[in-house]
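Q: Dumping the structure here so I can ask a few things about it.
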Amino acid sequence: MSRADLEVRGVSKSFQRSGRSIQALDNVSFSVSRGSVTGLLGPDGAGKTTLIRIAAGLLLPDAGGCSVLGLDAAAESLAVQSRIGYMPQRFGLYEDLSVQENLDLYADLQGVPKTLRPERFEDLSRMTGLGPFVKRLAGRLSGGMKQKLGLACALIKLPELLLLDEPTVGVDPLSRRELWEIVYNLVQERSLTVLLSTAYMDEAQRCEHAVVLYEGRLLGQGPPSEFVEAARNRTFEVQPSGPPRALQARLAGDPKVVDASITTGCVHFVTAKGVQPSALDLPVAAEPREPSFEDGFMILLHQARRAEGTHLEQGAIRRHPGQAGESIIKVRGLERRFGDFYAVQDLSFEVGRGEIFGLLGPNGAGKSTTFRMLCGLLPPTGGRLEVAGYDLRKAPSKARKRIGYMAQKFSQYGQLSVRENLRFFSSAYGLAGKERKDRLAWALNALNLETSADANAGQLPFGVKQRLALACALMHQPEILFLDEPTSGVDPLARRAFWRRITTLSEQGVTIIVTTHFMEEAEYCDRMLIMMRGRLLALGAPDEIRGDAASIEEAFIRLIESRREAA
Amino acid sequence: MKGGQRSDAGSAMRLRGLLRKEALQILRDPSAIVIALILPMALLLLFGYGVSLDAKDTPAALVVEVPSPTAMEFAGRFILSRYFTPVVTTSMEEAQDLMRHRRVEAIVRLREDFERKLKDNSTAPIQIIVNGVDANRARQVAGYAAGVWRTWLSLRGLEQGVSSHWPVTLEQRIWFNPEIRSQNYLVPGLLVVIMTLSGSLLTALVMAREWERGTMEALLVTPVRVREIIIGKLAPNYALGMAGLALAVGMAVFLFGVPLRGSLLALAGVSTLFLLTCLGMGLLISVLARNQFVAGQAAILATFLPAFFLSGFIFDLGSTPWLVQAVSKLIAAKYYASAVITLFLAGNVWSIIWPSSLALAVLAGFFLFVAVKKTKKRLE
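Read top to bottom, the protein sequences are chains S and H. Okay, so the first sequence: first residue is 305 according to my numbering, each after it adds one. Okay, so the second sequence: first residue is 401 according to my numbering, each after it adds one.
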């Protein structure tokens, strides 16, 4: 057994937030051996960032301790800090400094001798592909390039231990893959030790050792294969004749099922211990399938907490008239220019009533710009845009009454209670009197907000905040619901619950437009649009997009790579 | 110690890196330049030209009830005065009306018996009525009007070869600001405000920006020491602050013609002490406020406003209640203001400059010490 480079022993840590004490870590112990890649997994608020910060000497634990390379992280933090590399969630780059200037600064701070620098820089730019951009300001880099520069800065001295805090959040799949390649090359060539936190389950499988945290507690640790084995003989897949969403929703609500999701047109599910698929009354016979890390993770998480109620009461949303399949959004030759830069160019598509329509693309593809134009937040500079029968360039406010919008960032009032927020947003949409009262009662009930109705919105856990945001967007019973990255930073369990709600809404005739980074979520869409550099790259149902690729993600990467080669 | 020398070399390298970074940021992000150089210029121009506490060209009604030659002679004198722009009328009602509508601030009335009273040498041949809403200004206007009257009397005496009828001749001497230009006083006082801005606002905002953009977190996990971070922030902002000072002094002397009677070196010395105090306060604010908006508000509330109101430069502290005076003793701006105004208008009066410098040195030491103690290499 090789020596441990990081040893976490019984670490506890709590924070005071507006008078309440929050236990971020509760007696967590594990170790990371030299030359290995350890993944720290867990949903939002599990304590991953706190743990990494304690290891970096940025926070002091309340109890227990952390030894890094044989040094105590709390008492000898300076010595620790000269031997580790650390990349915070937001990369820690100076955006008004160029790539080279950022590298120079961190080289100075880490005390890299001048004579060694040319070689180091050469090495890093070869690894990260930053070579052609050394003169560019860091703020002008794409998300993926920023992440690579952040990594290069953390690696400037070639540390013995590398700490990465959610390095792949908010970065497109291609950039994620490239980052992993860099990390693995380093581990192999220089026997670097790496601890990284991530919310992506497929990345856990790339680690040699996985540590699962949940609400500050250690749920389990070991090689990913152990997690996979725990799910053996409990994982199945079924391919229904119709769209898989309905079956998936039914299974997810079944207490005999731990988890159900959609992958490549099939419903994947994990049964509760001792349950055979025959007990589930399936329309088509289920086939056993190879378990994945995520299955094991879901079993662990399922034991740790009960899934929140996910139903949206049927009929609580006004059934919208109009024919299913009629186009509710029509876009022709849409264009948006900023100066001489085309953020969106020559984009045409239609969205049918009741569809779940996904908007996908790498960072900087023009997704957000398109999205903002569709909701009437940003005027287009060219083309036609019709939403719910209104020309957005002529009657944006009329169109806006028919749409609901859920922003990526929490945009409710943190100082107001849940009830007050709901009341405010319903009056903002012109609801009053009995109608408003009814909708308020509906929202509290349908989105499980009753228990927290009088709590300040700002202090709610992430998942509840998200339900509140959805409730606010639904108060006026919109025909179209816009969701901007609704699930980034949400753990898999809450993400599934969220999609069940969205599915119910679409069954009731609400059209849903959603942007997402999670490729697996694209499977929940009826159709999707993939963008790149402001233009349409692909448009179609998941099956059509997937083609002969193994997954949407694979197809997506192939599409983008072929386009990059062509360019 | 074996590692001693190496760690010194490392420290120098880190410090150089930080300083280069700050310099580049200042050059690329215009907001620092705006706060340190453009804002002082705008304030100086605004106060230098826009705000004047002098009563110049005051609108006044001149009521000449009987336009006798002597009365008209006085009226002529009054019209010529640069302190007044008179409206000449023959009716007191009209003058009162003008006063009520705020068209004039004063009424100077020559009664019908003006000529007779002047000859009789009896008292008060003219009547002066001033709008007393702003008491200070009223006194000033009344004083100017009386001045015009006295000047006219003495000139008349000279012309006619008769001595003026005044038993005592009052000869005013105004020290340090013989022309009674409020600019002479305001412009040096403004330096206080400018230095406060460059000092506290700049450091507070720049530190808060590092927290806000998440760069502080990455910085703290490098082997950098707290003192290096602090020196890295102090030095460039000190340079910016002194540049702002040089600009302001240049404008004061060459644009506004304010005399600089003391030594430039003493001015730079006192300014350095004051700037260090402000930089220390700014750093302290940034320990508590980690976003730019809060840091900006805190800096304005805690340093800029006290500098404005309690330094004695706009409002004379001598006439304030004891509590305000006691509080003002803790305000660094008060000591700086008295030293700067002395250096400009009176010269090297060491009996004022030394005690002020001592007080500033104590305050600078205190704030910097607390700022270094409070800045931690941790996130909480």
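All C-beta atoms in this analysis are idealised placements derived from N, C-alpha and C, irrespective of residue type, glycine included. Small disclaimer: the values here were computed from a predicted structure and weren't measured.
#1: Specify whether the stretch 377 to 394 of chain S and the stretch 456 to 464 of chain S touch according to this definition: at least 3 beta carbon pairs, one from each stretch, less than 8 Å apart.
#2: Going along chain H in order, which residues have a C-beta closer than 9 Å to the C-beta of serine 565 of chain S?
#3: In whole angstroms, what separates the C-alpha of alanine 379 of chain S from that of cysteine 370 of chain S?
#4: Between which two residues does the alpha helix (DSSP H) containing tyrosine 735 of chain H stretch?
#5: Are the stretch 734 to 754 of chain H and the stretch 598 to 612 of chain H touching by the rule of at least three beta carbon pairs closer than 8 Å?
#6: Would valine 574 of chain S pass as a contact of valine 561 of chain S if the rule is Cβ separation under 8 Å?
#7: Taking contact to mean at least 3 C-beta pairs separated by less than 8 Å, is the stretch 408 to 425 of chain H in contact with the stretch 634 to 654 of chain H?
#8: Determine which residues of the stretch 409 to 430 of chain S have a Cβ less than 8 Å from any Cβ of chain H, and write them out in chain order.
#9: Would you call the stretch 542 to 557 of chain S and the stretch 502 to 515 of chain S touching, i.e. three or more CB-CB distances under 8 Å?
#10: Of all the CB atoms in chain H, is at least one closer than 8 Å to the CB of glutamine 385 of chain S?
#11: Tell me the rounded alpha-carbon separation between proline 548 of chain S and threonine 567 of chain S.
#12: Look up isoleucine 460 of chain S in the DSSP assignment and say whether it is helix, strand or coil.
#13: Which same chain residues end up closer than 8 Å to glutamine 618 of chain S when comparing Cβ atoms and leaving out the 5 residues on each side of it in sequence?
#14: Would you call phenylalanine 397 of chain H buried or exposed, if buried means 16 or more other Cβ atoms sit within 10 Å of its Cβ?
#15: Is it buried or exposed for isoleucine 479 of chain H, if we count other Cβ within 10 angstroms and need 16 for buried?
#16: Please list the partners that leucine 424 of chain H has in chain S, where partner means a Cβ-to-Cβ separation under 7 Å.
#17: Between which two residues does the beta strand (DSSP E) harbouring leucine 833 of chain S extend?
#18: Using a threshold of 8 Å, state whether the C-beta atoms of methionine 642 of chain H and phenylalanine 767 of chain H are closer than that.
#19: If distances are taken between C-alpha atoms only, which option among H/Phe474, H/Gln540, H/Gly543 and H/Pro486 comes closest to leucine 518 of chain H?
#20: Among H/Leu684, H/Phe674 and H/Phe447, which one has its Cα closest to the Cα of serine 738 of chain H?
#21: Using C-beta distances below 6 Å, list every residue in its chain close to leucine 441 of chain S, excluding the 5 sequence neighbours before and after it, in chain order.
#22: Using a Cβ-Cβ cut-off of less than 9 Å, give me the residues of the stretch 594 to 607 of chain H that come near chain S, in sequence order.
#23: Give the single residue among S/Leu753, S/Arg839 and S/Lys450 whose Cα lies nearest to the Cα of glycine 637 of chain S.
#24: Taking the CB atoms as reference points, tell me whether leucine 640 of chain H and serine 598 of chain H lie closer together than 8 Å.
#25: Using 8 Å as the limit for Cβ to Cβ distance, is proline 392 of chain S near chain H?
#26: Check whether the Cβ atoms of alanine 777 of chain S and glycine 680 of chain S lie closer than 8 Å to each other.
#27: So leucine 640 of chain H contacts chain S; which residues on that side make the cut at Cβ distance below 7 Å?
#28: Quick check on this structure: which residue in S/Val814, S/Leu663, S/Gly668 and S/Gly351 has the alpha carbon closest to the alpha carbon of phenylalanine 675 of chain S?
#29: To which residues of the same chain is alanine 620 of chain S closer than 7 Å at the C-beta, ignoring the five residues directly before and after it?
#30: Where valine 488 of chain H and glutamine 560 of chain H are concerned, what is the direct C-alpha to C-alpha distance, given to the nearest angstrom?
#31: With burial defined as no fewer than 16 other Cβ atoms inside 10 Å of the residue's Cβ, what is the status of phenylalanine 645 of chain S: buried or exposed?
#32: Can you find the residues in the same chain that come closer than 8 Å, C-beta to C-beta, to tyrosine 544 of chain H, ignoring five residues on each side of it along the sequence?
#33: Would you identify the three-state DSSP class for valine 606 of chain H, choosing helix, strand or coil?
#34: For isoleucine 731 of chain H and aspartate 400 of chain S, what's the separation of their Cα atoms in angstroms?
#35: Check the Cβ-Cβ distances between serine 501 of chain S and every residue of chain H, and say whether any is below 8 Å.
#36: I'd like the list of long-range same chain contacts for phenylalanine 514 of chain H, defined as Cβ closer than 6 Å, with 5 residues on each side in sequence excluded.
A: Once the coordinates are examined:
#1: yes
#2: In chain order: nothing, as chain H lies at least about 33 Å away.
#3: 10 Å
#4: 732 to 745
#5: no
#6: yes
#7: yes
#8: Leu409, Tyr410, Ala411, Asp412, Leu413, Gln414 and Gly415
#9: no
#10: yes
#11: 9 Å
#12: coil
#13: The predicted position of glutamine 618 of chain S is uncertain, since its pLDDT is 45 and thus under 50; a value taken from the coordinates is nonetheless stated next. Closer than 8 Å at the Cβ level, and outside the excluded window around glutamine 618 of chain S, lie Thr808 and Gln812.
#14: This structure leaves residue 397 of chain H out entirely; chain H is present only between 401 and 780.
#15: exposed
#16: Leu401 and Glu405
#17: 831 to 836
#18: no
#19: H/Phe474
#20: H/Phe674
#21: Ser402
#22: none
#23: S/Arg839
#24: yes
#25: yes
#26: no
#27: Residues of chain S passing the Cβ test: none, with the nearest at roughly 16 Å.
#28: S/Leu663
#29: Here the model assigns alanine 620 of chain S a pLDDT of 48, short of 50, so the residue's position is not dependable, and the following value carries that caveat. Trp746 and Ala750, listed in sequence order.
#30: 26 Å
#31: exposed
#32: Ala455, Thr458, Ser481, Tyr483 and Phe484
#33: helix
#34: 36 Å
#35: no
#36: Ala471 and Pro525
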